[in-house]
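Quick note on our numbering: the sequence shown kicks off at 1 and runs consecutively.
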Amino acid sequence: MTQTVDLLVIGTGAAGAAPAYRARRAGWTVAIVDKRPYGGTCALRGCDPKKVLVGAADLLDWYRRMQGRGVAGERVHVDWPALIRFKRTFTEPVPQDREQGYHHAGVATFHGLARFVDAQTIRVGE
Ligand SMILES: Cc1cc2nc3c(=O)[nH]c(=O)nc-3n(C[C@H](O)[C@H](O)[C@H](O)COP(=O)(O)OP(=O)(O)OC[C@H]3O[C@@H](n4cnc5c(N)ncnc54)[C@H](O)[C@@H]3O)c2cc1C
């Protein structure tokens, strides 16, 4: 299948989402492609999950440092399986939510590795 668009965005992270929506709002035909689940590093593997994981480690670190200095209580620990389950509650819905957002906006979505065939042509997957 060959499709011609005004703009093909490679990558569904923050850097790809903004121009895709902006160009679509301006009336361009737009497609977006990702070789990994939609959402990019920040939402799936970076900023957001990092904040929660680092937050739990910080909490534990501060608890240990402040023990006997005005902080007391039962032994605090990280429940790793529970923490990861919590992380997944906000990372797992991302790919589907993002793809639906593009569909609603009229942005065509593709999955696979994007490669330039020539200056005007990009092949997705095989
Ligand atoms: C652990 C960690 C924590 C972070 N914490 C923060 C933070 O707290 N604050 C902050 O501002 N930034 C943070 N960052 C940085 C932030 O995640 C990145 O700056 C941001 O995600 C970059 O966005 P992007 O859209 O350029 O790239 P990405 O979000 O990485 O998206 C690129 C997408 O393009 C796809 N892609 C690439 N090449 C192709 C191809 N040829 N074909 C198809 N798809 C392709 C990839 O699969 C990927 O999904 C963190 C990063 C990491 C790793």
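Every residue, glycine too, gets a C-beta built ideally from N, C-alpha and C.
Note to self: If you reduce the DSSP assignment to three classes, tell me which class Ala-17 lands in.
What the structure shows: Residue numbering aside, residue 17 sits at position 17 when the sequence shown is read from its first letter. The three-state secondary structure of Ala-17, taken from DSSP, is helix.
Checklist line | Strand pairing of Ala-108, partner residues [DSSP] | finding: Your numbering for residue 108 matches position 108 in the sequence shown. Paired residue(s): Ala-31.
Item checked: Identity of the residues DSSP links to Lys-71 by a beta bridge -> Reading the sequence shown from its first residue, position 71 is the one you call residue 71. The sequence given here places Val at residue 71; Lys does not occur at that position. Note: Val-71 sits in a beta bridge opposite Gln-67.
Next item on the list: Could you round the C-beta distance between Gln-3 and Ala-108 to whole angstroms and report it? I think they count as a contact, below 8 Å.
Entry: As a working note, residue 3 is residue 3 in the sequence shown. As a working note, residue 108 is residue 108 in the sequence shown. That belief holds up - the Cβ atoms of Gln-3 and Ala-108 are roughly 7 Å apart, short of 8 Å.
Note to self: Can you tell me which residues form a DSSP beta bridge with Thr-121?
What the structure shows: Here residue 121 refers to the residue found at position 121 of the sequence shown. Bridge partners of Thr-121: Asp-118.
Next item on the list: Determine the extent of the alpha helix (DSSP H) in which Leu-83 is found, giving its start and end residues.
Entry: What you label residue 83 is simply residue 83 of the sequence shown in a count that begins at 1. From DSSP, the alpha helix (DSSP H) with Leu-83 extends over 80-91.
Item checked: Assigned secondary structure, Leu-60 (DSSP; H/G/I helix, E/B strand, else coil) -> As a working mapping, residue 60 is identified with position 60 in the sequence shown. Three-state result, Leu-60: helix.
Margin query: Below 8 Å on the Cβ atoms is my contact criterion, and I expect Gly-39 with Pro-95 to pass it. Report the Cβ-Cβ distance as a whole number of Å.
Written below: As a first step, residue 39 must be located in the sequence shown, where it is residue number 39. As a first step, residue 95 must be located in the sequence shown, where it is residue number 95. At roughly 5 Å, the Cβ-Cβ gap stays under 8 Å, so Gly-39 and Pro-95 are in contact.
Notebook entry, point to check: Okay, do the region 7-27 and the region 97-114 touch, 3+ Cβ pairs below 8 Å being the bar?
Noted result: yes
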